[in-house]
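When we follow my numbering, the leftmost residue of the sequence shown carries the number 1121, and every step to the right adds one.
Positions of the beta carbon are idealized from the N, C-alpha and C atoms, including for glycine.
The structure appears below as structure tokens.
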Amino acid sequence: MPGISRRSILRGGLLAATAVVTTRLAGTATASAASASKFAVAYNELDITPHVPDWPSLWMGGYGWDPRGASASDPAPAHPLRAHCIAIHDNGSVNVLLRVDVVSIPRDVHQELRRQVCDERGLVGSSDFMIVASHTHNGPFIGDTHPDPKVVLNLNDADVDAINGSTYVFMDLLTDLVERTVRETPIPATLHFAEGSAELGYNRVGLDQVLTDVPVVAVRDFQDGGLLAVLFGCATHPVSCGRAPFEFHSDFVGVAAEIIEQELGAMALFFQGTAGDQNPLPLPTGELGQTLASAVIDTVNQGDFTDVAGPITTELTEIALPFAVDTTDDGVRAELRARFESRLDGHLGQAEVRHARLMIGQLDAGSLPASIPMPLQCWRMGGLTVLGLAHEVVSDYHVMINALAQDAGVGNLWIMGYVNETQCYVPSDRILWAGGDLHVGYEAGWNDDPWIAGYGSGMLSYGWPCPLNASAPGSDPASPDSTEALVLAACEGLLG
1121 MPGISRRSIL RGGLLAATAV VTTRLAGTAT ASAASASKFA VAYNELDITP
1171 HVPDWPSLWM GGYGWDPRGA SASDPAPAHP LRAHCIAIHD NGSVNVLLRV
1221 DVVSIPRDVH QELRRQVCDE RGLVGSSDFM IVASHTHNGP FIGDTHPDPK
1271 VVLNLNDADV DAINGSTYVF MDLLTDLVER TVRETPIPAT LHFAEGSAEL
1321 GYNRVGLDQV LTDVPVVAVR DFQDGGLLAV LFGCATHPVS CGRAPFEFHS
1371 DFVGVAAEII EQELGAMALF FQGTAGDQNP LPLPTGELGQ TLASAVIDTV
1421 NQGDFTDVAG PITTELTEIA LPFAVDTTDD GVRAELRARF ESRLDGHLGQ
1471 AEVRHARLMI GQLDAGSLPA SIPMPLQCWR MGGLTVLGLA HEVVSDYHVM
1521 INALAQDAGV GNLWIMGYVN ETQCYVPSDR ILWAGGDLHV GYEAGWNDDP
1571 WIAGYGSGML SYGWPCPLNA SAPGSDPASP DSTEALVLAA CEGLLG
């Protein structure tokens, strides 16, 4: 890769482009470590841009409601899709971060990746393995569940079969990437955390907070302090490329990573934050990428870093996000069926017809879900805690979780979103209360009927029957059975 020195390549190999609650307690990490602990790291990169004939499908995720995909005749993209893996060895244990340029990873794909990596190959403990999607909207469509490509893209059975074929290619590549990285001889290293800032986006729902944090971890050679890798993040939707042209692209976050690598000569790994309601400013992709890259480079060169110390303590747990109505109740199911049947005439649109048919089929089969699972993961170290949240979490949670962490004396906290699986938006109470009054109810999951997934909403695109449960309007604190209260309680438990 241009810009990465031979020294860096030798210290972190590059791969060619080829075809329920667990815990590890390794002791108590002390936040008052006088100097960085000696870890050891291995890291690798893989081009995962779909291409024929190796990938059966070139269909793209990120936008609805019509077919959208790349062309087999297109040249290789200027900014390819990449996967990066870093294995952090800590006194005999290994922790693995895998980040991927896709819009989302559904639950069944996440679970199969975890089964292969943790159980079948025994490469890493389950709570020590974290997967993060960049959420680029110009990546491949992965899986056929949430979202359902028939609903979102109006595809046929053969197209869905092709998507599933590509999903298997995707899983094989990622599993092999993790295995190579874990089995590679690691380099003694130190880790250091700092936080920069960049003005990248705005709150598309119209709420007050705009997230500007740019967390950075510098990975340095233990012997000479040379920079080996940079882990960085922000919380902004990678949608600057727009719906067209129909070509694979890592968006501004991928551009930023490439600039960082060229400038610093070290591998750059991007991790998305709680970007559910954060959109980029209407600027060119390259300009946004440069802004983010400059913030990271300035932080690496001039930031006030905290040494990160081991041991690393990890935990992976899961909660069930409840719907606004009880879908196990016979009367509720009958009412839902009637409301979905009212959409079959197409007056709301054809995507709503396809979604209604899917929901009616689940009602008839007795398979309508009662809730949405949400994995949450936490890695605690001296000087840094990493909290990983599944799904498209809105920025209210970034604010509320940071307040909880401050009260608990957690110290430096990096909150990641789109972790392990992404199958819905996770709105806060005030977004759920507003429904269609904020951004047409897209993030809330409903617009004019709080019982069922709103037309054109996130709940419809992800293939769920109803919005998530909110507290009673005006409640403070959140009601115990609300989405907001359940998420915050789980985070508080993980942060300790």
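Inset, instruction - Note down the Cα distance separating Asp1427 from Ala1162, rounded to an integer number of angstroms. - result: In the sequence shown, the residue the question calls residue 1427 occupies position 307. In the sequence shown, the residue the question calls residue 1162 occupies position 42. Spanning the alpha carbons of Asp1427 and Ala1162 requires a straight line of approximately 19 Å.
Legend entry - Collapsed DSSP secondary structure at Ala1564 in the structure displayed: If you number the sequence shown from 1, residue 1564 lands on position 444. Here Ala1564 sits in coil by DSSP.
Inset, instruction - Name, in chain order, the residues that DSSP records as bridge partners for His1204. - result: Residue 1204 sits at position 84 when you count from the first residue of the sequence shown. Looking at the DSSP assignment, His1204 forms a beta bridge with Glu1165 and Arg1219.
Inset, instruction - Measure the C-alpha to C-alpha separation of Met1387 and Phe1159 and round it to an integer number of angstroms. - result: Counting from 1 along the sequence shown, the entry for residue 1387 is found at position 267. Counting from 1 along the sequence shown, the entry for residue 1159 is found at position 39. Each residue's Cα considered, the two are about 17 Å apart.
Inset, instruction - Using the DSSP secondary-structure output, state which residues sit across from Val1336 in a beta bridge. - result: Start at 1 with the first residue of the sequence shown, and residue 1336 comes out as number 216. Per the DSSP secondary-structure output, Val1336 pairs in a beta bridge with Ala1314 and Phe1352.
Legend entry - Spatial distance of Glu1472 from Ala1349 (CA atoms): In the sequence shown, residue 1472 corresponds to position 352, counting from 1. In the sequence shown, residue 1349 corresponds to position 229, counting from 1. If you take the alpha carbons of Glu1472 and Ala1349, they lie about 45 Å apart.
Legend entry - At least 3 beta-carbon pairs within less than 8 Å: the stretch 1319-1330 vs the stretch 1233-1243: Segments in contact, no.
Inset, instruction - Grab me the residues of Gly1613's own chain with a C-beta within less than 8 Å of its C-beta, minus the 5 sequence neighbours each way, in chain order. - result: As a first step, residue 1613 must be located in the sequence shown, where it is residue number 493. Hits under 8 Å: Thr1437.
Legend entry - From Ala1454, Thr1411, Ser1591 and Asn1258, residue whose alpha carbon lies closest to that of Ala1554: To locate residue 1554, count along the sequence shown from 1; it is residue 434. Nearest C-alpha to Ala1554: Ser1591.
Legend entry - Cβ-based neighbour list, Val1506, same chain, cut-off 6 Å, excluding 5 preceding and 5 following: Translated into positions along the sequence shown, residue 1506 becomes position 386. Around Val1506: Trp1499 and Trp1534.
Legend entry - Beta-carbon proximity check, Gly1578 vs Tyr1545, cutoff 7 Å: Against the sequence shown, residue 1578 aligns to sequence position 458. Against the sequence shown, residue 1545 aligns to sequence position 425. The Cβ atoms of Gly1578 and Tyr1545 sit closer than 7 Å to each other.
Legend entry - DSSP-derived helix/strand/coil call for Pro1269: As a first step, residue 1269 must be located in the sequence shown, where it is residue number 149. The answer is helix: DSSP assigns Pro1269 an H, G or I state.
Inset, instruction - Mark Gln1526 as exposed unless 16 or more other C-beta atoms lie within 10 angstroms of its C-beta, in which case mark it buried. - result: Position 406 of the sequence shown, counting from 1, holds the residue named residue 1526. Flag for Gln1526 reads exposed.
Inset, instruction - Compare the Cα-Cα distances from Val1607 to each of Gly1583, Cys1586, Pro1585 and Pro1442 and report the closest residue. - result: As a first step, residue 1607 is located in the sequence shown; it is residue number 487 there, counting from the start. If you compare the alpha carbons of Gly1583, Cys1586, Pro1585 and Pro1442 with that of Val1607, the shortest gap goes to Pro1442.
Legend entry - Nearest residue (CA-CA) to Arg1303, options Gly1481, Ala1415 and Ala1207: For the purposes of this step, residue 1303 is identified with residue 183 of the sequence shown, where counting begins at 1. Looking at the Cα atoms, Ala1207 is the closest of the given residues.
Inset, instruction - Evaluate Ala1528 with the Cβ neighbour count: other Cβ atoms within 10 Å of its Cβ, from every protein chain shown; 16 or more gives buried, anything less gives exposed. - result: The residue given as residue 1528 occupies position 408 in the sequence shown. Ala1528 comes out exposed.
Inset, instruction - With DSSP as the reference, label Ala1440 as helix, strand or coil. - result: Within the sequence shown, the letter at position 320 stands for residue 1440. Correct three-state label for Ala1440: strand.
Legend entry - Given 8 Å, three or more beta-carbon pairs between the stretch 1237-1246 and the stretch 1269-1279: The stretch 1237-1246 vs the stretch 1269-1279: no contact.
Inset, instruction - Report, in whole angstroms, the separation of the C-beta atoms of Arg1459 and Trp1571, which I expect to be a contact under 8 Å. - result: Residue numbering aside, residue 1459 sits at position 339 when the sequence shown is read from its first letter. Residue numbering aside, residue 1571 sits at position 451 when the sequence shown is read from its first letter. Yes, Arg1459 and Trp1571 are in contact; Cβ-Cβ is about 6 Å, under 8 Å.
Inset, instruction - With a 10 Å radius around its C-beta and 16 neighbouring C-beta atoms as the bar for buried, classify His1280 as buried or exposed. - result: In the sequence shown, the residue the question calls residue 1280 occupies position 160. His is not the amino acid found at residue 1280; the sequence shown has Val there. With 16 or more Cβ atoms within 10 Å of its Cβ, Val1280 is classed as buried.
Inset, instruction - Would you mind sorting Tyr1517 into buried or exposed? The rule is 16 or more other CB atoms within 10 Å of its CB. - result: Taking the sequence shown and counting its residues from 1, the one referred to as residue 1517 is at position 397. Looking at its Cβ environment, which holds 16 or more other Cβ atoms inside 10 Å, Tyr1517 is buried.
Inset, instruction - Find out if the Cβ-Cβ distance for the pair Ala1318, Val1336 is shorter than 7 Å. - result: Within the sequence shown, the letter at position 198 stands for residue 1318. Within the sequence shown, the letter at position 216 stands for residue 1336. Not in contact: Ala1318 and Val1336 (Cβ atoms no closer than 7 Å).
Legend entry - Ala1160 (DSSP reduced to helix, strand or coil): Taking the first residue of the sequence shown as position 1, residue 1160 is located at position 40. Strand, per DSSP.
Legend entry - Among Trp1175, Gln1343 and Ala1490, nearest to Thr1310 - alpha-carbon criterion: For the purposes of this step, residue 1310 is taken as residue 190 along the sequence shown, with counting starting at 1. Ranked by Cα distance from Thr1310, the options Trp1175, Gln1343 and Ala1490 are led by Gln1343.
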